[in-house]
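Pasting the structure below:
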């Protein structure tokens, strides 16, 4: 048995031990021999990406002093005249927000209309055959005379 590791496994081992330059160099050697090796391309791309990765957590740490002396403070009370609710009045003139309006078919009014559900189901088989969705599904629209549609 050989004591030498397969190059791709060795490159993966370098990658896992965060030795990205060794990993990328080994992948480059493998790609010189077989340029269509997808595993080597992916591993090399990941190693090169990790080499230039900047951990933004370390860069953007604020100290306690910066947090306490922040000039952008949120006001505790609203400015006079900007509140939507008038003090001392109860604004319950409209319908309750818990009850949603519904159509005659019993579906909620959403503001969106789907063509297949706008009129409910046709009552008879003849009405079902004449609906545009049925005719389009079966490819009959082009072959039928306009008087039959």
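Residue numbers (UniProt numbering): 1 to 149. Cβ coordinates follow ideal geometry from the N, Cα and C atoms, glycine included.
Handout entry: residue 108, DSSP secondary structure in three states
Key = Of the three classes helix, strand and coil, the one that applies to residue 108 here is strand, per DSSP.
Handout entry: Buried versus exposed, by CB contacts within 10 Å (16 or more), residue 14
Key = So residue 14 ends up on the buried side.
Problem - Alpha-carbon to alpha-carbon, residue 31 and residue 41 - result: For residue 41 and residue 31, the gap between their C-alpha atoms comes out near 7 Å.
Handout entry: Within 8 Å, strictly: CB atoms of residue 26 and residue 45
Key = Cβ distance not < 8 Å, so residue 26 and residue 45 don't count as in contact.
Exercise for the section: With a 10 Å radius around its C-beta and 16 neighbouring C-beta atoms as the bar for buried, classify residue 69 as buried or exposed. Expected result: Counting Cβ neighbours within 10 Å, residue 69 comes out exposed, since fewer than 16 surround it.
Handout entry: Distance between residue 106 and residue 78 (C-alpha atoms, nearest Å)
Key = If I take the Cα positions, the gap works out to 42 Å.
Problem - Secondary structure of residue 74, DSSP reduced to three states - result: In the structure shown, residue 74 adopts coil according to DSSP, grouped into three states.
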